[in-house]
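For the sequence shown, position 316 (counting from the first letter as 1) is numbered 315 according to numbering that gives the first Met the number 0, and the numbering increases by one without interruption. Here a beta-carbon is modelled for each residue, glycine too, at the ideal position from N, C-alpha and C. Predicted, not measured: the structure shown is a model, and the values here were computed from it.
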Amino acid sequence: MHKCRVCSNNIEKFMSFGKMPIANAFLKKEEFKDEYFFELAPSFCNKCFTFQIIDQPDPNKMFHENYTFFTRSSKFMVKHFNLFANDIYDRFLKNLNQPMVIEIGSNDGAYLEFFSKKNISHLGIEPSANVAKVAKSYGVNSLVSFMNLETSKKILNKYRKADAITAANVICHIPNINEFAESISNILDDNGVFVFEEPYLGSMIEKNSYDQIYDEHVYIFSALSIQSIFSNFGMELFDLQHQSTHGGSMRYFLCKKGKKIINKSVDNILLKEKEQNLNKDDVFLKFKQNIEKSKIDLKNLLNQIKKNNKLVAGYAATSKSTTILNYCDIDEDLMPCIFDTTPTKINKYSPGKHIPIKDHKYFQEAKLDYAFLFAWNHYEEIKKKEQKFISKNGKWITHVPEIKVY
Ligand code: TMP
Ligand code: ZN
């Protein structure tokens, strides 16, 4: 029996992915012997409707001075964040005198650069020093820290309350979500907005994209869960927007209670979530069955490819790939390598299964029959980039919403 991180209700795991390494801990051979593992087990609280993992490694093991994720590595994401910044500016800031913007998890500054270029007061809160250093080179100010009550006091000592606080793909990383919500409420101006987007529970269930579940994602949120978490700290949802990023995300708009007109999207999406049973345990039992089937189908397919002496490799060593490879027990024998563009991953090995990561520049000459698309959420971008692979009869394999070759 465990306690829900949000409401302390008793919760149980509904399945286990088994022994799992840190999703982004790509490693060298000499580091294999000290590799860290934990049990990855998801759970759903039927009182506050929050989907969460039971055990989580120490955050310092994940977000440190050598964090390997750089937002700017995807052109698509850079464009997405520029549009996001534009929307926030147009809708909430452009008529204000000297607005103040804060971003939680500002990474390499791909979002805040928009405000820096406009000479708007801004601050990024970012625990990983290496990515914050890159942000600085784009004129983006960061405070290297986790966002918590202590950080909120530091911010208020130096800056005024924020008119807009934003975040993308970061709130779901924060285990102590109650302290986080209180910190946000402290640094948000009474008329300010808190807008963030995260992988969406409704999409994960619909697409069976269980690879969204890994150490960094302590939570996969829904509007129902966000409403119950933030209402305890005097905040409410006033708008919701579906996003296509990360294979289906939701953008949540929150304000201090009673300060904004509530858009009808809020009622509409809450109703849809209830229709999808995102407030009931049963839906997660079905989810578990779908995941188990996906594992069997994938193993069968890879075994068949091997038997036919065909060549397969992974495409993009995503964080999500760590869950698939370890849960499905896929090693170098079934997948000889993964091609990736990130310099800090190339020539290292995948966490847990130790599949070699090769430079993407060798992808074409590898003469693959199949590429397993771990970055399935970037399919449109990749399809354009890899027309040569297709024209030479290369085939993609995906696992969402089910194992498919195309
Ligand atoms: P993420 O899903 O954990 O953000 O990881 C994305 C990884 O995918 C990152 O290592 C870069 C890699 N990648 C490629 O190698 N090629 C691509 O076309 C894309 C979109 C990503
Ligand atoms: Zn709960």
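- Bridge partner(s) assigned by DSSP for Gln242: Ser248
- Any heavy atom of ligand 1 closer than 8 Å to the CB of Tyr314? yes
- Item | Buried versus exposed call for Ser127 [16 or more other C-beta atoms within 10 Å across all chains shown] | buried
- Residue span of the alpha helix (DSSP H) that contains Val133, given as start and end: Ala128 to Ser136
- DSSP-derived helix/strand/coil call for Gly191: strand
- What residue range is occupied by the uninterrupted beta strand (DSSP E) comprising Thr165? Ala161 to Ala167
- Message: From the DSSP secondary-structure annotation, give me the bridge partner or partners of Met99.
- Response: Ser120
- Query: Going by beta carbon distance, what residues of the same chain come within less than 7 Å of Thr397, once the five residues before and after it are set aside?
  - Reply: Leu372, Trp375 and Lys403
- Item | At least three beta-carbon pairs within less than 8 Å, the segment 110-128 to the segment 140-148 | yes
- Please name the residue or residues paired with Val404 in a DSSP beta bridge. Ile396
- Task: Could you tell me which of Asn156, Ile164, Leu111 and Ile53 sits nearest to Ser141, measuring between CA atoms?
- Result: Leu111
- Query: Should Ile381 be counted as a contact of ligand 1 given a C-beta to heavy atom distance under 8 Å?
  - Reply: yes
- Task: Pick helix, strand or coil for Met203, following the three-state DSSP scheme.
- Result: helix
- Message: Check this for me: beta carbons of Tyr326 and Leu39, under 9 Å apart or not?
- Response: yes
- Can Leu269 and Ala222 be called in contact, C-beta distance under 9 Å? yes
- Cβ-heavy atom distance, Ser7 to ligand 2, below 8 Å: yes
- How long is the line joining the alpha carbons of Tyr137 and Asp266, rounded to whole angstroms? 40 Å
- Task: Name the two residues that bound the continuous beta strand (DSSP E) containing Ile52.
- Result: Phe50 to Ile52
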